[in-house]
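Engineer: So that we are looking at the same thing, I have put the structure below in structure tokens.
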Amino acid sequence: MRWSTHPARSQGRHLADPPEPAPDRKHGRRWAAVVGVLLLAASAIAVAAVPSKAAGPTIVSLTFDDGIGSQFAAAQVLKARGLVGTFFITTSFIDASGFLTQANLKTLAADGNEIGGHTVTHPDLTTLTAAAARAEVCNGKTTLEGWGYQVSNFAYPFAAENATAQSAVRDCGFASARGLGDLRSPASCAACPVAESLPPANPMVTKAPDQVDSTWTLADLQARVTDAETTGGWVQLTFHEINVGTDPTLSITPVLFDSFVTWLAARTANGTTSVRTVAQALGQSPAPSPSPSPSPSPSPSPSPSSPFGDVPANAQFFTEISWLSAQGISTGWLEANGTRTYRPVLAVNRDAMAAFMYRLAGSPAFTAPAVSPFRDVTPQTQFYKEITWLAAQGISTGWDEGNGVRSYRPLQPVNRDAMAAFMYRYAGSPAYTAPGSSPFTDVAPQTQFYKEINWLASTNISTGWVESNGTTTFRPVQPVNRDAMAAFMYRYNTSFPR
């Protein structure tokens, strides 16, 4: 296992584990691995005539450390692909700002995910006395079990372990504990195995690649799986923050995570690779949905936390706005009192719409032109890069003001008909034949963007309004509010997942 000398973090820091130390901390083990590889190569030459054994099945476990809030949205991505993961929870972080809530944990377990142990306060167990280490490990497990979960597996904070830490984990009743850095990784351990054996040789320190960090690419993630498929075995991938603009080292973007999960879900169709929780990989009983803990005066379940002070849990489009925030598509406004607001009933301006769509696309690499295609958008304009990207993609052509001059009108609200056109073009202007009559009574074949509006309805991105007389309207020239825009993008992502 690869361990870190970083101190234990405080709850208020709201960051994931610090990067693990450089590979040279394991020179002895790495050199032994190299020698082993050379010996194996010599043996292979001696028995070259013997047919090779077919690779066994490959099992991938997606693990998430600390209980960070952005992991809840990641779990919904797994659910949409029919996959599950293991969430190693630091119990003192739960219900704190930026972390999962108890209600989130209940949902995770109900969806088939496993809840695992990760101590109470996330200390480096190797720096503690035997009694203190045991208290951290056991009390974390007891708390999770008190919340109604079956907790069988553990992950060492900072991947730091020694004989004392292993004894604490074993004595507290855990069946396994995950380390880090003992399998081949993108930037280290090239001579290491590509997969852990099942059952593991040492269940108190199961082998895993380095934790996934901001340097990992889609190819890096895929290689951990395809390399393991050459031998068969078990690969545990370790994620922390799945967000943008947060932890600069241990975060990956939601777009990258979604792309990998989509690829992995398709990979399981070949029958040789499967995605399982740690408990399932080790042949334990699947984690059940939690049952309420007995209590003479039970407290009500906490409400889902909101990323914005002006979007309560009972707000219309709460789920969609929270998703928009989790994807990094909108960060809202930082108010003078330190709270962050979304301003849900404010109309979306055209400059902000460009930023939303650029981020929805995953903030792709793009070099803004030195000269703008729009006379009212200069390099000093807010969201200049995003607006010119929108133009480069053909999503917006702006207005022809005459004499070959085009304008974008960045501070003008986006009307609902224009929003339909933006979404249709963002989708690549797919082949679509508009119906002879629209489902919306206020949208006629002569209406501007008639095709785009009806396409939006056909994909269930917009359902319009049911009026008092029973008819359904779209209100094409009405500005789009920010809460409705969150809903449109959320539904688009559901219909056309990346």
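Going by my numbering, the sequence shown opens with residue 523, and the numbers climb by one from there.
Ideal placement from N, C-alpha and C gives every residue a C-beta, glycine not left out.
What did DSSP end up calling A677 once you bin it into helix, strand or coil?
Structural biologist: The sequence position of residue 677 within the sequence shown is 155, counting from 1. In this structure, A677 counts as strand in the three-state DSSP scheme.
Engineer: Using DSSP with H/G/I as helix, E/B as strand and the rest coil, what is L705?
Structural biologist: Taking the sequence shown and counting its residues from 1, the one referred to as residue 705 is at position 183. Note: L705 maps to coil in three-state DSSP.
Engineer: Please classify V520: does DSSP put it in a helix, a strand, or coil?
Structural biologist: Because residue 520 is not part of the residues shown, which for the chain are 523 to 1020, the question remains open.
Engineer: Starting from R938, trace the alpha helix (DSSP H) both ways and give me its first and last residue.
Structural biologist: In the sequence shown, residue 938 corresponds to position 416, counting from 1. That run of the alpha helix (DSSP H) goes 938-948.
Engineer: For a test of the three-state rule: what should DSSP assign to A699, helix, strand or coil?
Structural biologist: Here residue 699 is taken as the residue at index 177 of the sequence shown, counted from 1. The answer is strand: DSSP assigns A699 an E or B state.
Engineer: Report the rounded CA-to-CA distance for V777 versus A1009, giving the unit in angstroms.
Structural biologist: Along the sequence shown, read from residue 1 onward, the residue named residue 777 stands at position 255. Along the sequence shown, read from residue 1 onward, the residue named residue 1009 stands at position 487. Rounded to whole angstroms, V777 to A1009 spans 18 Å at the Cα level.
Engineer: Might you give, ordered along the chain, the residues of its own chain that have their beta carbon closer than 7 Å to the beta carbon of W785, omitting 5 neighbours on each side?
Structural biologist: Taking the first residue of the sequence shown as 1, we reach residue 785 at position 263. Counting only Cβ-Cβ distances below 7 Å, and skipping sequence neighbours, we find Q744.
Engineer: Please report the residue range of the alpha helix (DSSP H) in which S689 lies.
Structural biologist: Translated into the one-based positions of the sequence shown, residue 689 becomes position 167. 685-693 is the extent of the alpha helix (DSSP H) around S689.
Engineer: Report the rounded CA-to-CA distance for T585 versus T861, giving the unit in angstroms.
Structural biologist: Residue numbering aside, residue 585 sits at position 63 when the sequence shown is read from its first letter. Residue numbering aside, residue 861 sits at position 339 when the sequence shown is read from its first letter. For T585 and T861, the distance between alpha carbons rounds to 31 Å.
Engineer: Name the residue from V800, V727, D780, M726 whose alpha carbon lies nearest to the alpha carbon of Q758.
Structural biologist: The residue given as residue 758 occupies position 236 in the sequence shown. The candidate whose alpha carbon is nearest that of Q758 is V800.
Engineer: So the alpha helix (DSSP H) G639 belongs to, where does it begin and stop?
Structural biologist: Taking the sequence shown and counting its residues from 1, the one referred to as residue 639 is at position 117. Taken as a continuous stretch (DSSP letters only), G639 belongs to no alpha helix (DSSP H), being part of the beta strand (DSSP E) at 636-639.
Engineer: Is the beta carbon of L740 less than 8 Å from the beta carbon of S781?
Structural biologist: Residue 740 sits at position 218 when you count from the first residue of the sequence shown. Residue 781 sits at position 259 when you count from the first residue of the sequence shown. In contact: L740 and S781 (Cβ atoms closer than 8 Å).
Engineer: Going by CA-CA distance only, name the one from V691, Q688, L605, A709 that's closest to A791.
Structural biologist: Position 269 of the sequence shown holds residue 791. Comparing Cα-Cα distances from A791 to each of V691, Q688, L605, A709, the minimum goes to L605.
Engineer: For Y671, which option in W756, T752, T629, S583 has the closest C-alpha, if you only look at C-alpha atoms?
Structural biologist: As a position in the sequence shown, residue 671 is number 149, starting the count at 1. Ranking W756, T752, T629, S583 by Cα distance to Y671 puts T629 first.
Engineer: Put R789 into one of helix, strand or coil per three-state DSSP.
Structural biologist: Taking the first residue of the sequence shown as 1, we reach residue 789 at position 267. Three-state DSSP puts R789 in a helix.
Engineer: Taking D693 as the reference, which of K663, G950, A730 has the closest Cα?
Structural biologist: Position 171 of the sequence shown, counting from 1, holds the residue named residue 693. Of K663, G950, A730, the residue nearest in Cα terms is K663.
Engineer: Of the choices G884, W921, Y930, F761, whose alpha-carbon is the least far from that of Q904?
Structural biologist: What you label residue 904 is simply residue 382 of the sequence shown in a count that begins at 1. Closest option to Q904, Cα to Cα, is Y930.
Engineer: What residue range does the beta strand (DSSP E) around I917 cover?
Structural biologist: Residue numbering aside, residue 917 sits at position 395 when the sequence shown is read from its first letter. First-last for I917: undefined, no H or E at that position.
Engineer: Contact defined as beta carbons within less than 8 Å: I believe F996 pairs with F962. What is the distance between those atoms, to the nearest angstrom?
Structural biologist: Residue mapping note: residue 996 aligns to position 474 of the sequence shown, counting from 1. Residue mapping note: residue 962 aligns to position 440 of the sequence shown, counting from 1. Right, the Cβ-Cβ distance comes to about 4 Å (below 8 Å), so this counts as a contact.
Engineer: So D646 and A677 are in contact, right, with Cβ under 8 Å, and what is the actual spacing, rounded?
Structural biologist: To locate residue 646, count along the sequence shown from 1; it is residue 124. To locate residue 677, count along the sequence shown from 1; it is residue 155. Wrong, their Cβ atoms sit about 13 Å apart, outside the cutoff.
Engineer: Over what stretch of residues does the alpha helix (DSSP H) that includes R1004 continue unbroken?
Structural biologist: Locating residue 1004 in the sequence shown gives position 482, where the first residue counts as 1. Element bounds for R1004: 1004-1017.
Engineer: From what residue to what residue does the alpha helix (DSSP H) around F621 run?
Structural biologist: As a first step, residue 621 is located in the sequence shown; it is residue number 99 there, counting from the start. No alpha helix (DSSP H) holds F621; DSSP gives it neither H nor E.
Engineer: Helix, strand or coil for S1082 per DSSP?
Structural biologist: Nothing in the structure corresponds to residue 1082, since the chain is present only between 523 and 1020.
Engineer: Taking the alpha helix (DSSP H) that D742 belongs to, which residues open and close that run?
Structural biologist: Translated into positions along the sequence shown, residue 742 becomes position 220. 740-751 is the extent of the alpha helix (DSSP H) around D742.
Engineer: Is the beta carbon of V673 less than 8 Å from the beta carbon of N661?
Structural biologist: As a first step, residue 673 must be located in the sequence shown, where it is residue number 151. As a first step, residue 661 must be located in the sequence shown, where it is residue number 139. No, the Cβ-Cβ distance between V673 and N661 is not below 8 Å.
Engineer: Apply the 10 Å Cβ neighbour rule to Y1012 and answer buried if 16 or more other Cβ atoms are within range, or exposed otherwise.
Structural biologist: As a position in the sequence shown, residue 1012 is number 490, starting the count at 1. The residue is buried, with at least 16 neighbouring Cβ atoms inside 10 Å.
Engineer: Compare the Cα-Cα distances from E636 to each of F609, S719, L705, A949 and report the closest residue.
Structural biologist: Along the sequence shown, read from residue 1 onward, the residue named residue 636 stands at position 114. Of F609, S719, L705, A949, the residue nearest in Cα terms is F609.
Engineer: How about Y948 and E908: are their beta carbons less than 8 Å apart?
Structural biologist: In the sequence shown, residue 948 corresponds to position 426, counting from 1. In the sequence shown, residue 908 corresponds to position 386, counting from 1. No, these two residues do not count as a Cβ contact at 8 Å.
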